[in-house]
Each structure stands twice: as C-alpha cells, then as structure tokens.
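Down below is the structure, laid out as structure tokens.
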Amino acid sequence: MVTTPTRVRFAPSPTGYLHVGGARTALYNWLFARKTGGAFILRIEDTDAQRSTEAHTRVILDGLAWLGLDWDEGPIFQGAHVERHRADAERLLVENKAYRCFCTREELEAQRQATPGGVDLYKYDRRCDRLPPEEIAARVAGGMPFVLRFRMPDAELAWEDAVHGRIGFHGRDLDDLVVLRSDGTPIYNLAVVSDDVAMRITHVIRGDDHISNTPKQIALYLALGAPLPVFAHVPVILDTDGKKLSKRRGAVAVGDYQDRGILPGAMRNFLALVGWSPGEDREIMSPAEMIELFTLEAIQKKPAIFDTAKLEWMNGQYLSRMSGASLAAPVARELEKMGVQVRGAHLLPPYIDAVKSRARTMLEIAERVAIRLDSRRAVLDDKGRKLIEKMGDGYARALVLATDTLRGLGEPEWRAEPILDALKQRVEQEGMKLGDLLQPIRVAITGTTVSEPVNELLEVVGRSSSLARLTAAAERNGASGC
RNA sequence: GGCCCCAUCGUCUAACGGUCAGGACACCACUCUUUCAAGGUGGUAAUACGGGUUCGAUUCCCGUUGGGGUCACCA
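Using the working numbering, the first residue of the first sequence is number 524, and each one after it goes up by one.
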C-alpha cells in the first residue's frame, strides 16, 4: 500500500502572544505529523501588515520551541508569497469565477444599512457582477479602484470533518467574498487556500472558529481545481466561567505560564489533555507516548474549560519526578530575576531538594530557596505571626532554649540527624513536646509555619545563619532578659 | 437575527445498545507525620429536558432548552 506522506501546518498570525488555544492546535498538528511520519510546517500569516510585528513572531517561535514543538519546514511568511496569491486571484477572474467590484466601503455600508428586513439579512447583491463589459472596461481604464470578488457557487459545500463528522453549508447562505483588496493585496481566505495548495497540505488541523471559513475555502479549492485536504476542527478553549479565554482574566499566553514557573513538559502534557483523551485513564505521558496514542478522531467535539488547578497539579507531578540538579539552572534564572545573589547554580540542588516536594511551580521553589539562602527573604507571614501571638512569651523562651541547645553542636555535627537528636534530648529534659520547640524554630528561620522537617531545614540553612536567625527572632520578641 | 457547531460529576474525561455510569483535578474524611505538603485509604458528585426507535438507551433519530462559533477591502 502506497501512502502519501502527510503534511500539516500551524499558521498563526503574529498579531499577539501565543494563546494557549493556539499552542494546543500546534501541539495536535505536531502530534499528528510525528505519529504519521509526516511534516509539520510553520507558517506565519502576516498579511495583515497593520497588526503583524516581528516581536510577535519571535514570541510565537519561542513559545513553540519552549513546548518542544519542532517544525520541519519554515517559518514560511505568507507575506512573501503575495505574487502567487495575486496570480491565483487573477486566474479566478480570467476563468470568470471572480468579478471586479467597484463598490466603495461607504457604498457597501450604505447598502448594508438599507437592507430590507434589517442589516442581519444583508448579503452583497452582485450589482457589480451585472455591469456591462464596456462599463467595466471604461472604469478600469479610468483608473477606478476595485476589489476582486469570488462568485460563491449556488451549491452544497460540505465535508467530512475528522473530528466532527459531516458538516454541510450551502453556497446560497454565503456572501461573494472579496479575495483581492483594492490595493491588490490578498485576503485571508484566498491566501490560506493558495498557500495550503502550494504547500501540498494534506490535513488542515485548526481551531473550531474556522468552521465557517471552511465552505468558502472549499469553494476556492474547487474553483482553483485543487484537491481538498482533510479538515479537522478542534474546539476552542474557554475560561473558568465558560467564556472565551480573555486577557483580562488570568493568563492566556503560554509565556504567562512559563513566567509562573510551569515546566514545558507539564504544559505540553496538560494541553494535550484539554480536548483529547487517549482512553485507558492515561494522564501523565511522555511525548513519545502521546504520539503513539494520538488520533484526530479522539479529539473532543465540545469546547473545554482551562483548569489551572489541574495544570498546577500536573506541574507538581513533573516537578516531583525531577532532580534538584536538573532544576538548578531554571531556578537560578528565577532567583536572578528576583534579585537574589547566587554563587553558582551548582550550589542550588540541596536547597531545591529541600523545598521541591512542597511546591507546585518553579516560582514557588525559587521563593523558598531564596528564604533559605538569604535571611532577609524570611519575612513573617500571617501563619507565622499567628503562631507567635498564640505562644506569647513561650515563643521567645522556646527560641532561647533552641539556640542554647544548638550552639552545642559544632560545624561538623551540623547535620539533620545530630540536630534532631540534640533537640529531642533537650525536649525530654524540659518535659516539653517536640512540636513546641520545632514550630517556633521553623517560624524564626523561615517566617512561616510550613517547611520541610525542621532538622533538615536547619541543616540546609547552615549553622551560622540558623543561629543568627534564631537569636535575632528571640531578641525581636523580647528575650533579651532571659 | 441568518448559517454552523456542541451538550456525562464543579472541571478534564472513559463508555463506541446491556457497566453498581469508570478515572483524574478540586473538595471532604481518615491514615502517615515534627508543621505543611507528598503518599495511602475512603467519600460527596454527572448522563440538560421531552418525545420516539429498541427486549433494552449516556450511546441511534426528532424536537425543546442551554452554551459556543461565525457573519469585514481582520486573520
């Protein structure tokens, strides 16, 4: 059996950040290409010169690279091929599948307003298509500006969608679409079809919001005599309140999650599962496993809500599978951004291992490492303050006791085990409970009531800094007299 | 409004005519414990509604309702 290699593309327009919905579409294209041994092509749709910028292109490329979605061809800039787009449009005119329309924007707007039954019913009435040839020739000769309009066929325009099944429109419900602007530049729908044909795209995997463009594009494929690709429309991603993800509420750009300390592997894994499921209750998957299991047919038909709580859970899962050493470099970068001095990323792993299991993002890891590295970062929070209030004088007394006990340990014995032994012994002598001594130490060292076991905390913070913090905290709370 | 798409726990989903409707996140309880997590155990929680078809419907068909997309010389 001979199969033609599949060719898919991700075609964002560089008019903004890389939206998580777009990233997921890119991921599905990538998974499909890798699964079928085909090519994943990146095309930048920059025909809207007004809004397209190089910076946005950069952001999109960086975002894809961060997610590990490597492309086989491109980036191809749509703007570089306007000559071909124009040629295709001209061909439609020559073959009488398109016509010149001399209506100005103002006239069109007036026609729309004058629609009997309301503007909702408006459809271009093809008045320019009825112009006599000599009139057209005269207007063209006179330099009158015109757009090229594609004559929408009065026919059924349907296709078998890989995720939705059969979807059908009728040409009579569609307007004659403009394919070439009066300045000669191509319009999106023409450019897309022209490019997809030229790039020999076999599967168009894109957002649901393009369903209504598809019949128009099918009409263009037909008019251009090109074979139709397989279409697969993946549903949109919605916000927690069921509305379209918007910039106002929370993060929508993949860069936002990168900044929050989400790992690319976790993001990729989570994104794959928003709208697709491999079945068998599989959730944590390597890229290879996802490629193995991926099919277009298993993509969900209904829009999905983006649940950041689950994303963070997944990030925690990935975090727990990673060593402190492998996290050192990214954490060092976070610390740098926070303005915390680090004398080399190689010193970080013990600190990261100490805090990792209690954190869900790299940002949290960095914050907690910072507290252990730098006493000025250990600011009292609500939980810490509450404990101090609750303990009253007992707080300072416990700290003095702890300091006194720990001072007995020299630098070489400053290890988790001996520290715990010493504290336990002291607690027994004093007839206290272990927690009564440990919790104040935790607050004095970190400013909060949450941390790894106190003896491990003391070890990682080190002897001199630990003792200094304990002493300072005791003094701040009126223990000078003891 | 026209056209189109969609509908299982709060959320992501499994089921492709017969299951006590399964899993995960979140939540609650218990457990572990040096606080908090993590882990372990258990629990609350869903087939939007109404008609068909069928011995039997989450599943197939129709309608209602609800949600979404799209209707540019934007992409």
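Glycine is no exception: its CB is placed at the ideal position from the N, C-alpha and C atoms.
- Here DSSP, grouped into helix, strand and coil, assigns I828 to strand.
- Apart from the 5 residues on each side of it in sequence, I734 sits with its Cβ closer than 6 angstroms to the Cβ of H756 in its chain, given in chain order.
- Around the beta carbon of A603, a 10 Å sphere encloses fewer than 16 other beta carbons of the protein chains shown; the residue is thus reported as exposed.
- For E629 and K646, the gap between their C-alpha atoms comes out near 15 angstroms.
- DSSP places E679 in no alpha helix (DSSP H) but in the uninterrupted beta strand (DSSP E) bounded by E679 to D684.
- According to DSSP, F669 shares a beta bridge with no other residue.
- Taking the Cα positions, L745 is about 15 angstroms away from D699.
- Residue state for L700 is assigned as coil, using DSSP reduced to three classes.
- Going by DSSP, I728 is part of the beta strand (DSSP E) stretching over H726 to G730.
- Per DSSP, reduced to three states, the secondary structure at C624 is strand.
- Taking C-beta atoms as the reference points, G561 and R532 fail to come closer than 8 angstroms.
- Apart from sequence neighbours up to five positions away, the residues of its chain that approach R695 with a beta-carbon distance below 6 angstroms are D677, ordered along the chain.
- When the beta-carbon positions are compared, L816 and P826 stay at least 8 angstroms from each other.
- The stretch 550 to 633 is shown to contain whole beta strand (DSSP E) runs of 3 or more residues at 562 to 567, 596 to 600 and 621 to 624, in chain order.
- Taking the Cα of R920 as reference, the smallest distance to any Cα among L960, V701 and G778 is reached at L960.
- For I690, the closest of S717, N712 and I741 by C-alpha to C-alpha distance is I741.
- Pairing V983 with P873 gives a Cβ-Cβ distance under 8 angstroms.
- Of all alpha-carbon atoms in R965, R649 and D897, the one lying nearest the alpha-carbon of G907 is that of R965.
- Where F754 is concerned, the enclosing beta strand (DSSP E) starts and stops at V753 to V757.
- In this structure, the CA atom of L871 is about 53 angstroms from the CA atom of G688.
- Cβ-Cβ distances below 7 angstroms link I583 to P535, P537 and L541 in the same chain, with the five nearest sequence neighbours on each side left out; the list follows chain order.
- Distance from A997 to T926 at the Cβ level is roughly 7 angstroms; contact confirmed, criterion being Cβ atoms closer than 8 angstroms.
- Taking 8 angstroms as the cut-off, the beta carbon of G917 is found no closer than this to the beta carbon of V759.
- In the structure shown, the three-state DSSP call for F692 is strand.
- The straight-line gap separating the alpha-carbon atoms of D732 and T548 is approximately 12 angstroms.
- Below 8 angstroms, enough C-beta pairs join the stretch 874 to 892 and the stretch 965 to 976 to call them touching: three or more.
- DSSP lists A776 as the beta-bridge partner residues of H542.
- Distance from the CA of D904 to the CA of R566, rounded to the nearest whole angstrom, comes to 49 angstroms.
- Bridge pairing for W799: I822 [DSSP].
- With a cut-off of 8 angstroms on Cβ pairs, the stretch 818 to 825 is not in contact with the stretch 837 to 856, counting fewer than three such pairs.
- Spanning the alpha carbons of P941 and D762 requires a straight line of approximately 51 angstroms.
- For L751, the CB contacts under 6 angstroms within the same chain, skipping 5 residues up- and downstream, are Y744 in chain order.
- In the three-state reduction of the DSSP assignment, R856 falls in the helix class, which pools H, G and I.
- Taking C-beta atoms as the reference points, A721 and R672 fail to come closer than 8 angstroms.
- When rounded, the separation of the alpha-carbon atoms in G640 and R674 is 24 angstroms.
- In this structure, L922 keeps its C-beta atom at 8 angstroms or more from the C-beta atom of Q962.
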